[in-house]
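Visitor: My questions all concern the structure below.
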DNA sequence: TCAATTGTTCGTAAGTAATCGAACTATTAA
DNA sequence: TTAATAGTTCGATTACTTACGAACAATTGA
């Protein structure tokens with residue numbers, strides 16, 4: 001498969017990173033990776049089509065928020081914690097701290113409950 | 001004039017704040033307010049029409065990043081530091097620290113130099 | 001080889017965002 | 001009252017974003 005492009009650490013742009021993190025689904029994805037470690041795209045229980053998830057994964061990757069590697073047919077995403085902390089100290093922590101304390105983590109995962 | 005709407009502290013949304021901060025002009029405006037204190041909209045040397053600045057000011061205000069009050073014909077913007085720190089501890093600091101250390105503060109202010 | 005799994009890419013549609021200039025409002029100063 | 005100043009709002013344009021399903025590609029397993 002074609003190589004996935006990842007920006008160099010020095011090329012990370014603050015505005016792009018903030019933009020990538022300004023979407024509820026992407027925030028959720030990043031928070032889940034932070035909590036449970038690297039994840040394949042299909043591990044997130046979000047109510048969107050796989051092509052849409054692919055788009056979000058690409059947005060996060062191209063902003064430099066996640067590193068994506070191929071493993072079999074899966075794409076495993078991990079947080080570029082070191083790069084982000086080096087370039088934007090404290091940013092990732094404060095965003096995820098804010099997310100986990102103010103959003104409902106079950107926003108997507110438990111939305112199927114009680115529907116039948 | 002009609003009252004400007006400002007969201008309550010409790011209603012601040014992380015994704016909205018991150019989005020408001022994900023634009024180069026808005027980042028610059030916020031950074032300038034942080035460095036020099038409250039500012040009127042016309043104090044920013046940015047290469048955009050005043051209607052566009054009005055739009056950015058509104059985006060920042062509606063996300064809860066700035067508080068805007070009328071003073072004569074001016075709109076004075078100040079950072080909602082306390083509200084932001086209460087809801088999203090460390091976020092504003094890390095964003096502005098990252099901005100000031102990685103962007104060129106003269107991005108807009110000095111772009112006219114050497115053009116004649 | 002064939003089918004299933006996982007994800008990407010493409011085409012499309014709907015919605016949103018950034019930008020401008022023109023017209024407007026409100027305030028201040030002459 | 002008139003003019004200048006500071007912003008807002010409106011309409012239009014252009015561009016981007018999110019979203020979907022269909023088609024495709026790559027890998028794995030039967």
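Residue numbers (the UniProt record's numbering), protein chains in the order written: chain A, 1 to 116; chain B, 1 to 116.
Quick reminder that beta carbons are idealized off the backbone N, C-alpha and C, glycines included.
Just so you know, these numbers come straight off a predicted model, no measurement behind them.
(1) Counting beta carbon pairs with one atom in the region 41 to 49 of chain A and one in the region 79 to 99 of chain A, are three or more of them shorter than 8 Å?
(2) Please find out if some non-hydrogen atom of the ligand MN comes closer than 7 Å to the beta-carbon of residue 28/A.
(3) Under 8 Å by Cβ, that's how I've got residue 9/B and residue 62/B pegged, so tell me the actual separation to the nearest angstrom.
(4) On a CA-only basis, which of 101/A, 26/A, 16/A, 34/A is nearest residue 81/A? Give me that one, please.
(5) Would residue 40/B count as contacting chain A if we go by Cβ distances under 8 Å?
(6) Counting only the same chain and skipping the five closest in sequence on each side, list residues whose C-beta sits under 8 Å from that of residue 60/A.
(7) I'd like to confirm the pairing. Which residues does DSSP put opposite residue 117/B in its beta bridges?
(8) Thinking just about the alpha-carbon of each residue, which of 23/A, 12/A, 58/A is nearest to the one in residue 99/B?
(9) For residue 16/A, tell me which candidate among 88/A, 101/A, 96/A has the shortest Cα-Cα distance.
(10) If you run the structure through DSSP and keep just helix, strand and coil, what is residue 40/B?
(11) So, helix, strand or coil for residue 13/A, using DSSP?
(12) Counting only beta-carbon separations shorter than 8 Å, does residue 90/A have a partner in chain B?
(13) Flag residue 24/A as yes if its beta-carbon sits less than 8 Å from any beta-carbon of chain B, otherwise no.
(14) Under a Cβ-count criterion, where at least 16 other Cβ atoms within 10 Å of its own Cβ denotes burial, should residue 112/A be classed as buried or exposed?
(15) Count the other CB atoms within 10 Å of the CB of residue 37/B; is the residue buried (16 or more) or exposed (fewer)?
(16) Hey, would you say residue 79/A sits closer than 8 Å to residue 18/B, going by beta carbons?
(17) Measuring only between beta-carbons, confirm whether residue 111/B sits less than 8 Å from chain A.
Guide: Looking at the coordinates:
(1) With the cut-off at 8 Å, the region 79 to 99 of chain A and the region 41 to 49 of chain A do not touch.
(2) With respect to small molecules bound, the structure shown includes none, and the ligand MN cannot be examined in it.
(3) Not quite, the Cβ-Cβ distance comes to about 14 Å (not below 8 Å), so this is no contact.
(4) In terms of Cα proximity to residue 81/A, the closest of 101/A, 26/A, 16/A, 34/A is 34/A.
(5) Output row for residue 40/B: interface = no.
(6) Only 20, 26, 29, 30, 66, 77 meet the Cβ criterion.
(7) Outside the modelled stretch of chain B, which goes from 1 to 116, sits residue 117/B, for which no answer is possible.
(8) Nearest C-alpha to residue 99/B among 23/A, 12/A, 58/A: 12/A.
(9) It is 88/A whose Cα lies nearest to the Cα of residue 16/A.
(10) Looking at residue 40/B - three-state DSSP - the assignment turns out to be strand.
(11) Here residue 13/A sits in coil by DSSP.
(12) It does: the Cβ of residue 90/A has a partner Cβ on chain B nearer than 8 Å.
(13) So, interface residue.
(14) The pLDDT assigned to residue 112/A is 40, lower than 50, so where the model puts this residue is not dependable; a value taken from the coordinates is nonetheless given after this. It counts as exposed.
(15) It is exposed - the Cβ of residue 37/B has fewer than 16 other Cβ atoms within 10 Å.
(16) No, they are not a contact pair.
(17) Its pLDDT being 42, under 50, residue 111/B is placed unreliably in this model, and the value from its coordinates should be taken loosely. Chain A contact via Cβ: absent.
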